[in-house]
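Enquirer: Residue numbers (the working numbering): 6 to 755. Just so it is clear, CB atoms sit at the ideal spot from N, CA and C, and this is done for glycine as well. If you scroll down you'll find the structure; I have some questions about it.
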């Protein structure tokens with residue numbers, strides 16, 4: 006934020022700034038080297054003004070009468086000349102200014118001496134010493150010597166112009182003083198120039214180092230941007246190889262990564278080498294690496310590999326015509342990651358210190374990129390593992406078919422563990438043996454007939470010991486497959502068997518097969534395999550429990566249905582008039598309900614409702630139910646309560662509640678004149694409307710003690726007459742068509 010100062014303050018600041026710019030601040034066009042000279046010149050001039058002014062004054066006063074004193078002219082001349090030189094020194098023509106100032110001072114000394122003979126020796130000394138002093142700042146030693154000689158010659162010619170000064174006075178005093186002083190200044194100037202030369206050489210070396218450092222930084226920045234953008238390890242290895250060749254201009258680059266299991270650096274990528282050549286490069290053992298680094302350094306160069314005596318490790322490099330190599334290790338937080346090498350073929354090369362520094366920087370960048378890629382790969386693998394476990398969880402929760410759940414499980418096993426084949430053996434606890442459950446990746450189907458007792462074979466041993474069994478190489482352990490000759494034909498090399506344990510009980514065994522070596526020392530891989538085995542055990546346990554529960558439910562349902570049939574049969578025995586009626590209306594109602602599109606689940610409740618349609622009559626006294634004559638109004642009131650009795654009997658039973666529509670509503674009529682609630686039209690449940698038609702049909706077409714059965718045509722006509730009053734018109738229409746089809750089928754059959 007700007008502040009508002011008074012206008013006078015602004016003017017003062019501008020004036021001060023002008024004073025600084027005019028008299029003190031160096032010219033912006035002057036280089037740093039010139040600024041140092043200018044500072045020396047400025048300090049010399051200012052000091053010289055003070056010393057010379059006092060010297061001239063004291064000398065003049067001592068040699069002249071005070072009333073005849075004119076020495077102030079020397080002082081004024083000196084101040085004027087020095088001020089002009091000072092102003093000129095602030096330009097970028099520093100050397101030219103210095104030379105002019107030397108000449109001006111020398112001439113001024115002689116001119117002043119001629120103009121003012123009084124005090125000539127002191128004035129000459131002032132000017133000549135100042136000229137030599139200033140000349141030492143800008144002139145070379147040879148040029149300074151010429152200036153000294155010119156001044157000395159000038160001194161010798163002074164008596165010619167000033168007869169009052171004898172030559173002896175010049176030789177005894179000023180000449181010898183100027184000679185000695187000039188020689189001393191020349192020697193000091195030479196010494197100073199030597200120091201300045203060394204300093205400039207040092208500065209040039211530093212500038213060169215800075216230039217190389219900046220170039221390295223630029224390369225490393227570009228490399229870092231490229232490498233950090235790579236998330237695939239193979240792509241990253243290729244990028245590293247290309248960057249090494251581009252940075253050093255070699256024909257070959259080689260990348261090796263440290264393998265913890267092999268305890269060695271293994272060649273994994275390179276530029277200028279065929280894949281076979283990279284594979285043929287022998288492992289660089291950790292012990293050999295440690296010895297090499299201790300002997301040389303983490304970054305070293307070998308100028309001529311071919312000149313090194315035979316070495317088991319280097320012989321392969323010699324065979325590949327490797328000549329010079331620059332080697333740098335890759336470390337991350339004191340952990341060995343691998344190594345980088347820039348290699349020449351045929352012609353030797355001396356890698357510079359700067360190139361080794363660059364290779365070291367590239368190695369650090371590559372190590373960081375490799376670690377980042379591994380971390381990304383690990384994170385992605387863990388995410389895939391979580392997704393796999395989630396998929397299995399969903400399969401367990403949403404599917405009670407064990408075979409489908411095991412199929413999902415094996416798909417995840419094959420994908421996440423990257424194996425060639427896998428199988429699930431299920432434990433039959435009653436037989437005490439493992440039997441085939443599901444499999445993936447096998448070339449034959451003989452595994453489907455697997456029967457293993459607990460403790461038999463590798464899978465049986467895993468089930469018995471509750472531990473994972475691992476055979477790294479089946480080829481050197483032929484006894485492993487002695488009980489499974491069919492598997493020997495599959496060409497499997499590595500094998501895992503993990504017990505499937507849930508709540509401390511073995512549910513089966515997970516078998517994993519691979520047709521190459523599968524020696525996973527990676528704890529994460531093993532942990533995930535065991536996690537999958539745990540999920541499989543849970544799936545088996547969950548499905549088994551569901552199947553057991555389903556079986557129990559079916560048994561209970563059958564028991565309920567048997568009870569319902571028993572109730573219905575007991576009612577038929579009690580009411581001789583309705584004997585066989587329940588069975589017939591139940592069968593016909595189910596057939597008609599199918600025509601209306603009822604589902605199988607709805608048909609189950611329909612059957613139960615039809616069987617129990619008159620269960621309420623259990624609450625009607627025998628004297629009313631079995632009365633041979635007509636019922637009086639009070640007795641009819643009690644009889645019409647039997648749907649209510651049915652509702653009261655069945656509604657507390659959750660199992661039978663969905664079947665209540667028929668027992669409770671089958672005496673309701675379409676026009677609302679039915680009982681017990683007087684429901685009308687669509688208020689009556691559809692299944693009750695269907696059953697009402699069927700119930701009347703069966704009553705009319707069955708023999709009763711008080712009348713003979715009606716003919717089907719007469720019964721249908723009676724039902725059609727009740728359309729819109731007793732019965733639902735739509736139900737009657739479908740029922741009549743259905744019964745006519747049945748009659749037609751009977752005629753055709755006969």
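Is the region 383 to 400 touching the region 250 to 258 in the sense that three or more CB pairs, one from each, lie closer than 8 Å?
Expert: no
Enquirer: Helix, strand or coil: which one does DSSP assign to residue 30?
Expert: Because the pLDDT at residue 30 is just 45, under 50, the model does not fix this residue reliably, and the value given afterwards should be weighed accordingly. DSSP places residue 30 in coil when its eight states are reduced to three.
Enquirer: So which of 412, 474, 511 has the shortest CA-CA distance to residue 517?
Expert: 474
Enquirer: Note down the Cα distance separating residue 356 from residue 292, rounded to an integer number of angstroms.
Expert: 26 Å
Enquirer: Counting beta carbon pairs with one atom in the region 224 to 231 and one in the region 304 to 323, are three or more of them shorter than 8 Å?
Expert: no
Enquirer: Comparing alpha-carbon positions, which option in 739, 184, 543, 316 lies nearest residue 160?
Expert: 184
Enquirer: Mind checking who residue 432 pairs with in its DSSP beta bridge?
Expert: 439
Enquirer: Where in the region 530 to 614 do unbroken runs of the beta strand (DSSP E), each at least 3 residues long, occur, reported from the N-terminal end onward?
Expert: none
Enquirer: Are the region 405 to 414 and the region 439 to 448 in contact at 8 Å, needing three or more beta carbon pairs?
Expert: yes
Enquirer: Does the Cβ of residue 556 have 16 or more other Cβ atoms within 10 Å, making it buried, or fewer, making it exposed?
Expert: exposed
Enquirer: For residue 669, count neighbouring C-beta atoms within 10 Å of its own C-beta (all shown protein chains included) and say buried if the count is 16 or more, exposed if not.
Expert: buried
Enquirer: So, does the region 678 to 690 touch the region 716 to 729, judging by three or more C-beta pairs under 8 Å?
Expert: no
Enquirer: If you compare alpha carbons, which of 236, 573, 632, 621 is closest to residue 385?
Expert: 236
Enquirer: Counting pairs of beta carbons, one from the region 567 to 576 and one from the region 612 to 621, are three or more of them closer than 8 Å?
Expert: yes
Enquirer: To which residues of the same chain is residue 248 closer than 6 Å at the C-beta, ignoring the five residues directly before and after it?
Expert: These residues qualify, in order along the chain: 228.
Enquirer: For residue 433, which residues from the same chain have a beta carbon less than 6 Å from its beta carbon, with the 5 sequence-adjacent residues on both sides left out?
Expert: Once the five neighbours on either side are set aside, the close Cβ partners of residue 433 are 440.
Enquirer: With a CB to CB cut of under 7 Å and the five nearest residues on each side skipped, what residues in its chain are close to residue 374?
Expert: 232, 233, 235, 241
Enquirer: DSSP on residue 11, reduced to helix/strand/coil?
Expert: Reliability of the predicted coordinates at residue 11 is poor, the pLDDT of 44 falling under 50, and the value obtained from them is presented with this limitation in mind. Residue 11 falls in the coil class under three-state DSSP.
Enquirer: Taking the continuous alpha helix (DSSP H) assigned at residue 718, which residues delimit it?
Expert: In the DSSP assignment, residue 718 falls within the unbroken alpha helix (DSSP H) covering 717 to 726.
Enquirer: What first and last residue would you give for the beta strand (DSSP E) that runs through residue 263?
Expert: 257 to 264
Enquirer: Where does residue 350 land, buried or exposed, given buried means 16+ other C-beta within 10 angstroms?
Expert: The C-beta of residue 350 has fewer than 16 other C-beta atoms within 10 Å across all chains shown, which makes the residue exposed.
Enquirer: What residues match up with residue 506 in a beta bridge as DSSP calls it?
Expert: 511
Enquirer: Could you give the residue range of the beta strand (DSSP E) that holds residue 461?
Expert: No beta strand (DSSP E) contains residue 461, which DSSP labels as neither H nor E.
Enquirer: State yes or no: is the C-beta of residue 537 within less than 9 Å of the C-beta of residue 421?
Expert: yes
Enquirer: Using a 10 Å radius around the Cβ and a threshold of 16 neighbouring Cβ atoms, would you call residue 30 buried or exposed?
Expert: Confidence is the limiting factor: at residue 30 the pLDDT is only 45, short of 50, which leaves the residue's position unreliable and the question unanswerable from this model.
Enquirer: CB-CB under 6 Å to residue 468, same chain, minus the five flanking residues each way: which ones, in chain order?
Expert: Excluding positions up to five away in sequence, the list reads 459, 504, 511, 514.
Enquirer: Give every residue of the same chain whose Cβ lies closer than 6 Å to the Cβ of residue 333, excluding the five residues on either side of it in the sequence, and list them in chain order.
Expert: 304, 345, 364, 365, 368
Enquirer: Helix, strand or coil: how does DSSP classify residue 44 here?
Expert: Because the pLDDT of residue 44 is 49, which lies under 50, any placement of that residue in the model is unreliable, and the question is left without a value.
Enquirer: Among residues of its own chain, excluding the 5 on either side of residue 673, which ones have a beta-carbon nearer than 6 Å to its beta-carbon?
Expert: These residues qualify, in order along the chain: 679, 684, 689.
Enquirer: So what does DSSP say about residue 305, is it helix, strand or coil?
Expert: Reduced to three states, the DSSP call for residue 305 is strand.
Enquirer: Quick check on residue 612: buried or exposed, where buried means 16 or more other Cβ atoms within 10 Å of its Cβ?
Expert: buried
Enquirer: On the premise that residue 725 lies in contact with residue 741, defined as a C-beta separation below 8 Å, what is that separation, rounded to the nearest angstrom?
Expert: 7 Å
Enquirer: Taking DSSP as the reference, what is the three-state secondary structure of residue 680?
Expert: Assignment of residue 680 by DSSP, reduced to helix, strand and coil, places it in the coil class.
Enquirer: Provide the residue span of the alpha helix (DSSP H) that contains residue 293, from first to last.
Expert: 291 to 300
Enquirer: Between which two residues does the alpha helix (DSSP H) carrying residue 158 extend?
Expert: 146 to 161
Enquirer: Throw me the rounded Cβ distance for the residue 560 and residue 507 pair, which I believe falls under 8 Å.
Expert: Not really, about 25 Å apart at Cβ, beyond 8 Å.
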